[in-house]
Amino acid sequence: GPCPQWPYCRKRCSYCNFNTYVVPAVDEAALRACLVREAQTLLRLSQVHSVTSVFFGGGTPSLASPSTVAAVLEAVAGAAHLPDGAEVTLEANPSSTSTSRLAGFRAAGVNRLSIGVQVRGALLAAAPAAAHDPTVTVLPLQSLDDAELRMLGREHTAAEAQKAVEVARGLFPGRTSIDLLFGLPRQSRDAWAQQLEAALRLCDDHISLYQLTLERGTALAAQVHGGALPVPSQDVLADMYQIARTVLVAAGFRHYEVSNFARKGALSTHNLSYWRADQYIGVGPGAHGRFMLWGEGGWSREARVQTLEPVAWMQEVRSQGHGTRSRVVLSLLEQLEELLTLGLRTDEGVTHERWGHFSPQLSLQAMFGEPGEAWALQQEGWLVLDSSGLRCTWAGLAVLDSLLPDLLCQLQRV
Amino acid sequence: MALAGRAALRWGARLPSPCPAAALLCRPAGLPAACQRPYSSRGKEILDMSTYPVESIRNFSIIAHVDHGKSTLADRLLEITGTISKTDRNKQVLDKLQVERERGITVKAQSASLFYNHEGINYLLNLIDTPGHVDFSYEVSRSLSACQGVILVVDANEGIQAQTVANFYLAFEAQLSIIPVINKIDLKNADPERVEKQIEKLFDIPTDECIRISAKQGTNVEKVLQKIIEKIPPPQCNTADPLKALVFDSTFDHYRGVIANIALFGGEIAKGQKIVSAHTQKRYEVNEVGILTPNEQPTHKLYAGQVGYLIAGMKEVTEAQIGDTLFLYKQPVEPLPGFKSAKPMVFAGMYPIDQTEYNNLKSALERLTLNDSSVTVHRDSSLALGAGWRLGFLGLLHMEVFNQRLEQEYNMSVILTAPTVPYKAVLSSAKLIKEYGKDQITIINPAQFPDKLSVSEYLEPTVLGTIVTPHEYIGKIITLCQDRRAVQKDMLYIDENRVMLKYLFPLNEIVVDFYDALKSLSSGYASFDYEDAGYQSADLIKMDILLNGNPVEELATVIHKDKAYAAGKLLCERLKETIPRQLFEIAIQAAIGKKIIARETLKAYRKNVVAKCYGGDITRRMKLLKRQAEGKRLMRKIGNVEVPRDAFIRILKRETDK
Numbered sequence: 001g002p003c004p005q006w007p008y009c010r011k012r013c014s015y016c017n018f019n020t021y022v023v024p025a026v027d028e029a030a031l032r033a034c035l036v037r038e039a040q041t042l043l044r045l046s047q048v049h050s051v052t053s054v055f056f057g058g059g060t061p062s063l064a065s066p067s068t069v070a071a072v073l074e075a076v077a078g079a080a081h082l083p084d085g086a087e088v089t090l091e092a093n094p095s096s097t098s099t100s101r102l103a104g105f106r107a108a109g110v111n112r113l114s115i116g117v118q119v120r121g122a123l124l125a126a127a128p129a130a131a132h133d134p135t136v137t138v139l140p141l142q143s144l145d146d147a148e149l150r151m152l153g154r155e156h157t158a159a160e161a162q163k164a165v166e167v168a169r170g171l172f173p174g175r176t177s178i179d180l181l182f183g184l185p186r187q188s189r190d191a192w193a194q195q196l197e198a199a200l201r202l203c204d205d206h207i208s209l210y211q212l213t214l215e216r217g218t219a220l221a222a223q224v225h226g227g228a229l230p231v232p233s234q235d236v237l238a239d240m241y242q243i244a245r246t247v248l249v250a251a252g253f254r255h256y257e258v259s260n261f262a263r264k265g266a267l268s269t270h271n272l273s274y275w276r277a278d279q280y281i282g283v284g285p286g287a288h289g290r291f292m293l294w295g296e297g298g299w300s301r302e303a304r305v306q307t308l309e310p311v312a313w314m315q316e317v318r319s320q321g322h323g324t325r326s327r328v329v330l331s332l333l334e335q336l337e338e339l340l341t342l343g344l345r346t347d348e349g350v351t352h353e354r355w356g357h358f359s360p361q362l363s364l365q366a367m368f369g370e371p372g373e374a375w376a377l378q379q380e381g382w383l384v385l386d387s388s389g390l391r392c393t394w395a396g397l398a399v400l401d402s403l404l405p406d407l408l409c410q411l412q413r414v
Numbered sequence: 001m002a003l004a005g006r007a008a009l010r011w012g013a014r015l016p017s018p019c020p021a022a023a024l025l026c027r028p029a030g031l032p033a034a035c036q037r038p039y040s041s042r043g044k045e046i047l048d049m050s051t052y053p054v055e056s057i058r059n060f061s062i063i064a065h066v067d068h069g070k071s072t073l074a075d076r077l078l079e080i081t082g083t084i085s086k087t088d089r090n091k092q093v094l095d096k097l098q099v100e101r102e103r104g105i106t107v108k109a110q111s112a113s114l115f116y117n118h119e120g121i122n123y124l125l126n127l128i129d130t131p132g133h134v135d136f137s138y139e140v141s142r143s144l145s146a147c148q149g150v151i152l153v154v155d156a157n158e159g160i161q162a163q164t165v166a167n168f169y170l171a172f173e174a175q176l177s178i179i180p181v182i183n184k185i186d187l188k189n190a191d192p193e194r195v196e197k198q199i200e201k202l203f204d205i206p207t208d209e210c211i212r213i214s215a216k217q218g219t220n221v222e223k224v225l226q227k228i229i230e231k232i233p234p235p236q237c238n239t240a241d242p243l244k245a246l247v248f249d250s251t252f253d254h255y256r257g258v259i260a261n262i263a264l265f266g267g268e269i270a271k272g273q274k275i276v277s278a279h280t281q282k283r284y285e286v287n288e289v290g291i292l293t294p295n296e297q298p299t300h301k302l303y304a305g306q307v308g309y310l311i312a313g314m315k316e317v318t319e320a321q322i323g324d325t326l327f328l329y330k331q332p333v334e335p336l337p338g339f340k341s342a343k344p345m346v347f348a349g350m351y352p353i354d355q356t357e358y359n360n361l362k363s364a365l366e367r368l369t370l371n372d373s374s375v376t377v378h379r380d381s382s383l384a385l386g387a388g389w390r391l392g393f394l395g396l397l398h399m400e401v402f403n404q405r406l407e408q409e410y411n412m413s414v415i416l417t418a419p420t421v422p423y424k425a426v427l428s429s430a431k432l433i434k435e436y437g438k439d440q441i442t443i444i445n446p447a448q449f450p451d452k453l454s455v456s457e458y459l460e461p462t463v464l465g466t467i468v469t470p471h472e473y474i475g476k477i478i479t480l481c482q483d484r485r486a487v488q489k490d491m492l493y494i495d496e497n498r499v500m501l502k503y504l505f506p507l508n509e510i511v512v513d514f515y516d517a518l519k520s521l522s523s524g525y526a527s528f529d530y531e532d533a534g535y536q537s538a539d540l541i542k543m544d545i546l547l548n549g550n551p552v553e554e555l556a557t558v559i560h561k562d563k564a565y566a567a568g569k570l571l572c573e574r575l576k577e578t579i580p581r582q583l584f585e586i587a588i589q590a591a592i593g594k595k596i597i598a599r600e601t602l603k604a605y606r607k608n609v610v611a612k613c614y615g616g617d618i619t620r621r622m623k624l625l626k627r628q629a630e631g632k633r634l635m636r637k638i639g640n641v642e643v644p645r646d647a648f649i650r651i652l653k654r655e656t657d658k
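Going down the list, the sequences are from chains G and H. With UniProt numbering applied, the first sequence closes on residue 414, and no number is skipped along the way. With UniProt numbering applied, the second sequence closes on residue 658, and no number is skipped along the way.
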């Protein structure tokens, strides 16, 4: 499935370093034509028959008109099979989500909404594999506190966000997700616990919780590093994460990925395809993709990156049908490295089946079941290797980035 | 790249010659009558030095505290005597190294022969330059041993400083004539009278013997030349005696090999003669002799009392060691007294920042030590820092200058570890005495530190430090010295406002940051100098650093018992800041034997996972993770604790002062 990217925002948020552009007027018709053209080209190149999910990321794709979304979906359906129930997610911003607009997106084919900024990935999960049940729209909220929202440079107020979620839930019942940020400057454990309670009263069946990452070059990072804003200590952050997990699990949510929680099976199909190292096609300026291509040496998995700057990207799409800036064939080792890095973020981990799909020769058991780094990490209680596969314990998941370098070292020795 | 500082001339040096431009300059009789090419130090003409009998020769040095104007005075003397042409560019003519010009110090002494007519007689004045710091006191003493007198330069504003005192005593003990010169009288705050009184009080020289000059403006410099002739006696030696030549300096030239600076204490020397080194007993044939003006100017011969250079097929500077005596083959003489091999007082590890730079650094070290035989080099390796060297230096300034030259002349950036000093142990264990073949050993590496049970006494090197300071800082300075375990030996008011303090310091107490501490608490006004004062008994212990109970070999230190607690605490704190958190808690401890004297705890990581990882981010993310995996392989593992090389560098690296 294709992943169209809408690279424009009304205002840049203080913590965002995404490839976004704040311009007064967007030539939407031109951009639409290019998104359609690139989606068609890439789908043809990839030779996929069926698309599992479509994700409109950004930027703030909800600023685009529903007709653009419809056009892209039509192009996808024209180039490959797009099952009726396929998950079609749109990222949205609370301030651009009037009931009528959201209804327009629903009419265009969107069945899952993600309001907000942070989740990016104008990508299509394209899998020849069996179709998953389509999932819900995500509504990313950053915070339910006005002061915090102002600090983050968000355009909307807590009341607007609340309203937006209510509207979205009305239109996409059971398929609405919210984003929450924690670890904000000056945030206390108690304040976070209260936010969580508020979120639980408001939310549907999917929540993404992100620890605030201070990205270099952002206004927020400059304030924090300049000493103007105090950030919570490591220990407080660890406590906040633990509190969230405890509260959400008690409320019936499954902690299915480092930052993602779902109940009633409302997992994001699209995002799961990343973590399972499935194929995905990135459409739009700066989009990334991973998909199989038939070449001289047979099938190979390629990492593709589309041109970042929208005007240049449009020119390339017009002249050659796509704006692919880089293509790198991934070696088996690189594919396995990605599989581990992504797969271990999920509660299912890397299953024997997934591993065998990439590495039919050397089994997961043979690789990590013998004395070595992974073995030691199992003994210490960070990892589990059993009949279903290799995965993190809860304690291990919280420190996954300290485990991965060891695992990669072991992998690289083979 | 000026290796020996003897490369092409950068200033308008020229010899006395009948060229029109030099016509008015005093020219000694008997010099070849042909113009010299201005940029050649090796003209075809060969000078005849026989017209300068011993009576017309004066050999002298200029000694001074740093920045008191030694080099400026030398420039003026060279100009007045026509040795170099008078231009605005003559600044520190004899200081050719970049580091010398930047720091206003002399590292590599340069000498020059000046020709001067006084009352109808042509004199040969040999200015024998000396390094301006007592790190090089052995070199200074050798240079002085070729002299009969010195010019003691004191700044009319700053007055007597620590180095003035040290230099005065070197000259005084060598029984040289001393001509006190008060420089910079043109400065607004100059107070020559006060300085004259200081000189009288401290050195017992009558005030009317001081010459007040401004080397910068040339005021009274001619008077200095006259005083040199009047007051400094000619050398006492005879051309009829067998050859006896003192090597007082040497440099290395890529094309011609070793160039030795020599002073003839007897006989004569000429090309073709066979000579022998008293120290090495090696035999050489003389290829070239000459004088320095200040570049090499070949002569037919050099005669007793004269000073010049010699080239004799020596391949390494170690073959022309400072203080060695040269004599004619089969005509041995009693060697000149006072020769000793360079003795390093400060050691530091040197490692390339990147191990792939090892060979480049090796070749730079080899080339730099060609010119500085006083640096000792031993291969060393550290589990944390990789392959490198343990270098021995004469002192701190010597170490800094060496490092700076590596950076400036060879573009090498290195990890230089905090300096240590050579301790000694007097062994009591028969087994160890047999093993070492002696009952006293020098400990350079803490790993060699013998246990107290097999030792009757540990010894540490000491220095006698001289501090000159305005009196308002005395209290703070005394406290500082006491903190550094120093013992006061003397305290003397050199005038109403200035005090000279003498302290016996353990050397290790001043090698790291003493000078900076002194400068900062005296607002820059106190000066410091020191000289070797032998070894003293000391209560030394070996302090280990443990990570979760496992010792870290490269962090073990030999330290005085009284300093162990503070040093251990500081080291543990710094380690806590530099070691990254890991999956488990890490106890960082300092220990003496089994006793823990300091502890810090580095808490375990509780959360370390990137919040967002979706399709778009993965490429950048994988690069970072692979770099971390790569870094894992380079980490030093102490038990299960991983310590990055950077952490070691930050702990071990010498703190730079500037």
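Glycine residues also receive a C-beta, built at the ideal position from the N, C-alpha and C atoms.
Residue i: first and last residue of the uninterrupted beta strand (DSSP E) it sits in
i	result
H/H65	Here H/H65 belongs to no beta strand (DSSP E), and DSSP marks it neither H nor E.
H/P352	V346 to P352
H/N122	I121 to I128
H/F265	G257 to G266
H/W389	G386 to F393
H/E288	E288 to L292
Neighbourhood of residue i by C-beta, 6 Å cutoff - its chain only, sequence neighbours within 5 removed
i	result
G/G183	Q211, L212, P232 and L237
H/M1	The predicted position of H/M1 is uncertain, since its pLDDT is 30 and thus under 50; a value taken from the coordinates is nonetheless stated next. Hits under 6 Å: E409.
Span of the alpha helix (DSSP H), counted from its first residue to its last, around residue i
i	result
G/A376	E373 to Q379
G/A103	T99 to A108
H/K561	K561 to T578
Per-residue contacts from residue i into chain G (C-beta, under 7 Å)
i	result
H/V609	V258, L397, A398, V399, L400 and D401
H/Q628	P405
H/L625	T341, L404, P405 and L408
Residues bridged to residue i [DSSP beta-bridge criterion]
i	result
H/Q440	H/V426
G/S326	G/V305
G/F261	G/I207 and G/H255
G/L90	G/F56 and G/L113
Under 8 Å by beta carbon: chain G residues contacting residue i
i	result
H/K632	P405, D406 and C409
Spatial neighbours of residue i in its chain, beta-carbon cut-off 7 Å, leaving aside the 5 residues before and after
i	result
G/A75	V36, A39 and Q40
G/L342	Y274, W275 and A277
G/A77	none
Interface residues of chain H facing residue i [CB-CB closer than 7 Å]
i	result
G/N93	Simply none; closest approach about 17 Å.
Cutoff 8 Å; reference residue i; Cβ partners in own chain excluding five residues on either side
i	result
G/V167	T97, S98, T99 and L102
H/V609	none
Chain-ordered neighbours of residue i on chain H, where CB pairs are closer than 8 Å
i	result
G/E337	M622, L625 and K626
- prompt: Is the number of C-beta pairs between the segment 222–238 of chain H and the segment 48–64 of chain H that are closer than 8 Å three or more?
  reply: yes
Query raised in the report: Within the chosen definition, does the segment 44–55 of chain G reach the segment 281–300 of chain G through at least 3 CB pairs nearer than 8 Å?
Result: yes
Touch check for the segment 529–543 of chain H and the segment 602–618 of chain H: three-plus C-beta pairs under 8 Å? no
Practice problem: Please confirm if the segment 279–286 of chain H is in contact with the segment 232–240 of chain H, defined as three or more CB-CB distances below 8 Å between the two stretches. | Solution: By the C-beta criterion, the segment 279–286 of chain H is judged not to be in contact with the segment 232–240 of chain H, since fewer than 3 inter-stretch pairs fall below 8 Å.
Is the segment 292–311 of chain H in contact with the segment 343–356 of chain H, if contact means three or more CB pairs nearer than 8 Å?
Judged by Cβ distances under 8 Å, the segment 292–311 of chain H makes no contact with the segment 343–356 of chain H, as fewer than three pairs qualify.
Checklist line | Segment contact flag, the segment 433–445 of chain H with the segment 465–476 of chain H, C-beta cutoff 8 Å, min 3 pairs | finding: no
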